[in-house]
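Taking it in order: structure first as structure tokens, then the write-up.
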Amino acid sequence: MTTTTPGAPVVVEVAVDPPYPVIIGTGLLGELGELLGGRHKVAILHQPVLAQTAEAIRNHLADKGV
């Protein structure tokens, strides 16, 4: 069983070659730079109802060079 701190993001490591992390959480926009660790390519997966939020995240990441 995995224990987490309430409100802390959950990181799931996808076991493929090469492995990559999936970060799951809420309210992470201000922490994305740190959480992404200098990556230059990411995927944002969301439900259609979250399109505006996903666009805000995309813009934020683009401003940071991701």
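Read left to right, the sequence shown gives residues 12 to 77 (the numbering used here). Just so you know, even glycine gets a beta-carbon here, dropped at the ideal spot from N, CA and C. Just so we're clear, the structure is a prediction, and the values are computed from it rather than from any experiment.
Need the endpoints of the alpha helix (DSSP H) that residue i sits in, please.
{"i": "residue 68", "result": "62-74"}
{"i": "residue 45", "result": "43-47"}
Taking 8 Å as the threshold (C-beta atoms), are residue j and residue i in contact?
{"i": "residue 77", "j": "residue 50", "result": "yes"}
{"i": "residue 21", "j": "residue 36", "result": "yes"}
{"i": "residue 67", "j": "residue 57", "result": "no"}
{"i": "residue 61", "j": "residue 43", "result": "no"}
Cutting at 7 Å between CB atoms, please list the residues of its own chain near residue i, excluding the five before and the five after it.
{"i": "residue 30", "result": "24"}
{"i": "residue 47", "result": "53, 77"}
Leaving aside the five residues before and after residue i along the sequence, list all residues of the same chain whose C-beta is less than 8 Å from its C-beta, in chain order.
{"i": "residue 69", "result": "55"}
{"i": "residue 19", "result": "36"}
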